[in-house]
Each structure stands twice: as C-alpha cells, then as structure tokens.
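Quick look at the structure:
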C-alpha cells in the first residue's frame, strides 16, 4: 500500500516547462496548480512512509519540489501580474469616472 503513491508521482510529467513557455497568466496558473498537486502527492507519500531512510529521501524530493526555480519564479510572476491588474483596474475606474 505504501508503494502505490510513488508510481503515481513518477507517472506525472517530471519535465517542467521552461519559464519562456509560460506566456499567459492562465498557463502560469495551470503550471502552479499541477506543481502544487505534485507537492501534495509527495507530502502524502512522506506522511505514509514508515521506513526512516525512505522517508528522508522522500522529504528531500519534497524540498526540491517546493524550491523548484521555475515554480518559485512563476508564483512570483503571478503575484506581480495580479497586483498590476488590480492597479490598472483601479486606475481605469478613476480615469473612467472623470471622463464622463
């Protein structure tokens, strides 16, 4: 039963798309969602592993997933895009109100 989650995680596409391939906000959000599902799967595997040595290996793999450069960078880009979109919407509302 403990070995079942590991093949599932291995079956998921391990190759992360390059940051250049994530052009739209929607693509970036999909990437983050998939990556967070991998992180969650890895956390479940760590929690259900009774063997200390195996558990340490799984924890290291989890840490690598959480600190993945593409994941961290994409997450920051999404935050910046959403903040900028909010500012643009506010600015448009203010300028739109004065123009009428």
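Numbering (my numbering), first residue to last: 37 to 136.
A virtual CB, placed ideally from N, CA and C, is assigned to each residue, including glycine.
- Item | Assigned exposure category for residue 74 - 16 Cβ within 10 Å defines buried | With a 10 Å radius around the Cβ and a threshold of 16 neighbouring Cβ atoms, residue 74 comes out buried.
- Query: Mind checking residue 103: buried by the 16 CB within 10 Å criterion, or exposed?
  - Reply: Residue 103 comes out exposed.
- CA-to-CA distance, residue 118 to residue 100, given in whole angstroms: 26 Å
- Query: Looking at C-alpha atoms only, which residue of 89, 114, 130, 94 is the closest neighbour of residue 59?
  - Reply: 114
- Item | Buried/exposed call for residue 81, threshold 16 Cβ in 10 Å | buried
- Query: Near residue 71, what residues of its chain come up, given a Cβ to Cβ distance below 6 Å and the 5 sequence neighbours on each side ignored?
  - Reply: 107
- So which of 93, 87, 112 has the shortest CA-CA distance to residue 68? 112
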